[in-house]
(Lines of atoms letter the chains of each structure in order from A and count residues from 1; the text may use other names and numbers.)
(Lines give C-alpha, C1' and ligand atoms only; values in the text may rest on other atoms or scores of the structure.)
Protein backbone atom coordinates (compact mmCIF):
# COMPACT_ATOMS: atom_id res chain seq x y z
CA UNK A 1 0.00 0.00 0.00
CA UNK A 2 1.26 3.43 -0.91
CA UNK A 3 0.92 6.94 0.52
CA UNK A 4 -2.09 7.62 -1.70
CA UNK A 5 -3.90 4.63 -0.19
CA UNK A 6 -3.26 5.86 3.35
CA UNK A 7 -4.58 9.31 2.44
CA UNK A 8 -7.78 7.70 1.09
CA UNK A 9 -8.07 5.51 4.20
CA UNK A 10 -7.73 8.59 6.43
CA UNK A 11 -10.52 10.33 4.52
CA UNK A 12 -12.69 7.23 4.74
CA UNK A 13 -12.10 6.93 8.49
CA UNK A 14 -13.74 10.33 9.05
CA UNK A 15 -17.14 9.00 7.93
CA UNK A 16 -16.84 5.37 8.98
CA UNK A 17 -19.76 4.32 11.20
CA UNK A 18 -18.06 1.05 12.13
CA UNK A 19 -15.04 2.99 13.42
CA UNK A 20 -17.36 5.25 15.41
CA UNK A 21 -18.94 2.16 16.99
CA UNK A 22 -15.52 0.71 17.82
CA UNK A 23 -14.38 4.00 19.37
CA UNK A 24 -17.54 4.15 21.51
CA UNK A 25 -17.45 0.54 22.70
CA UNK A 26 -15.36 -1.30 25.25
CA UNK A 27 -12.77 -3.43 23.50
CA UNK A 28 -9.10 -4.33 23.71
CA UNK A 29 -8.05 -1.87 21.01
CA UNK A 30 -6.20 1.32 21.84
CA UNK A 31 -7.23 3.44 18.85
CA UNK A 32 -5.73 6.90 18.68
CA UNK A 33 -4.96 9.32 15.86
CA UNK A 34 -1.38 8.91 14.64
CA UNK A 35 0.40 11.16 12.16
CA UNK A 36 2.32 9.08 9.63
CA UNK A 37 6.04 9.80 9.37
CA UNK A 38 7.07 12.13 6.55
CA UNK A 39 3.43 12.81 5.74
CA UNK A 40 0.50 15.02 6.66
CA UNK A 41 -1.77 11.95 6.87
CA UNK A 42 -3.39 11.19 10.23
CA UNK A 43 -4.96 7.78 10.80
CA UNK A 44 -6.67 6.02 13.67
CA UNK A 45 -4.23 3.31 14.64
CA UNK A 46 -4.27 0.64 17.32
CA UNK A 47 -1.36 0.98 19.72
CA UNK A 48 -2.17 -2.01 21.95
CA UNK A 49 0.87 -3.82 20.51
CA UNK A 50 4.38 -2.56 19.81
CA UNK A 51 3.34 -1.67 16.25
CA UNK A 52 0.90 1.04 15.17
CA UNK A 53 -1.72 -0.88 13.18
CA UNK A 54 -4.06 1.34 11.15
CA UNK A 55 -7.81 0.78 11.40
CA UNK A 56 -8.96 -0.20 7.91
CA UNK A 57 -12.47 0.73 6.70
CA UNK A 58 -14.42 -1.98 4.85
CA UNK A 59 -13.77 -0.75 1.31
CA UNK A 60 -9.97 -0.97 1.76
CA UNK A 61 -9.76 -4.41 3.34
CA UNK A 62 -9.37 -6.29 0.07
CA UNK A 63 -6.41 -4.06 -0.82
CA UNK A 64 -4.79 -4.93 2.52
CA UNK A 65 -5.54 -8.61 2.05
CA UNK A 66 -4.09 -8.57 -1.47
CA UNK A 67 -0.99 -6.60 -0.48
CA UNK A 68 -0.01 -9.30 2.01
CA UNK A 69 -1.42 -12.31 0.19
CA UNK A 70 0.46 -11.50 -3.02
CA UNK A 71 3.80 -11.74 -1.23
CA UNK A 72 4.05 -15.52 -1.63
CA UNK A 73 0.70 -17.15 -0.80
CA UNK A 74 1.86 -18.59 2.52
CA UNK A 75 -0.45 -20.80 4.56
CA UNK A 76 -3.71 -19.27 5.82
CA UNK A 77 -2.53 -19.13 9.46
CA UNK A 78 0.75 -17.46 8.50
CA UNK A 79 -0.92 -14.88 6.29
CA UNK A 80 -3.63 -14.25 8.88
CA UNK A 81 -0.90 -13.46 11.40
CA UNK A 82 0.73 -11.05 8.92
CA UNK A 83 -2.59 -9.29 8.28
CA UNK A 84 -3.36 -9.00 12.01
CA UNK A 85 0.13 -7.69 12.78
CA UNK A 86 -0.20 -4.98 10.12
CA UNK A 87 -3.83 -3.82 10.26
CA UNK A 88 -6.87 -3.82 12.52
CA UNK A 89 -10.64 -3.98 12.02
CA UNK A 90 -13.52 -5.81 13.73
CA UNK A 91 -13.65 -9.56 13.02
CA UNK A 92 -10.38 -9.40 11.10
CA UNK A 93 -9.68 -13.13 11.52
CA UNK A 94 -13.11 -14.22 10.33
CA UNK A 95 -12.94 -11.79 7.39
CA UNK A 96 -9.48 -12.97 6.40
CA UNK A 97 -10.42 -16.66 6.49
CA UNK A 98 -13.49 -16.00 4.31
CA UNK A 99 -11.36 -14.12 1.77
CA UNK A 100 -8.66 -16.80 1.77
CA UNK A 101 -11.25 -19.50 1.08
CA UNK A 102 -12.33 -17.58 -2.04
CA UNK A 103 -8.76 -17.07 -3.28
CA UNK A 104 -7.83 -19.72 -5.87
CA UNK A 105 -4.04 -19.29 -5.48
CA UNK A 106 -4.47 -19.51 -1.69
CA UNK A 107 -6.17 -22.86 -2.08
CA UNK A 108 -3.49 -24.05 -4.50
CA UNK A 109 -0.75 -23.29 -1.96
CA UNK A 110 -2.77 -24.42 1.06
CA UNK A 111 -0.83 -26.53 3.53
CA UNK A 112 -2.89 -28.91 5.67
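In the UniProt record's numbering, the protein residues as written are 1 to 112.
C-beta atoms are modelled at their ideal positions from N, C-alpha and C, and glycine is treated no differently.
Please read all numbers here as calculations on a predicted model, not as lab measurements.
Going by DSSP in three states, residue i sits in which element: helix, strand or coil?
i	result
residue 96	helix
residue 44	strand
residue 6	helix
residue 33	strand
Express the C-alpha separation of residue j and residue i in angstroms, rounding to a whole number.
i	j	result
residue 3	residue 17	23 Å
residue 95	residue 55	14 Å
residue 27	residue 19	12 Å
Restricting to Cα atoms, I'd like to know which of the options is closest to residue i.
i	options	result
residue 57	14, 79, 41 and 81	14
residue 52	80, 60 and 84	84
Does the distance from the CB of residue i to the CB of residue j come in under 9 Å?
i	j	result
residue 43	residue 9	yes
**Stretch pair the segment 85–97 + the segment 47–56: three plus CB contacts closer than 8 Å** = Verdict: yes, contact present.
**Asked** Should the segment 59–70 be called in touch with the segment 19–38, which here means at least 3 C-beta pairs below 8 Å?
**Response** no
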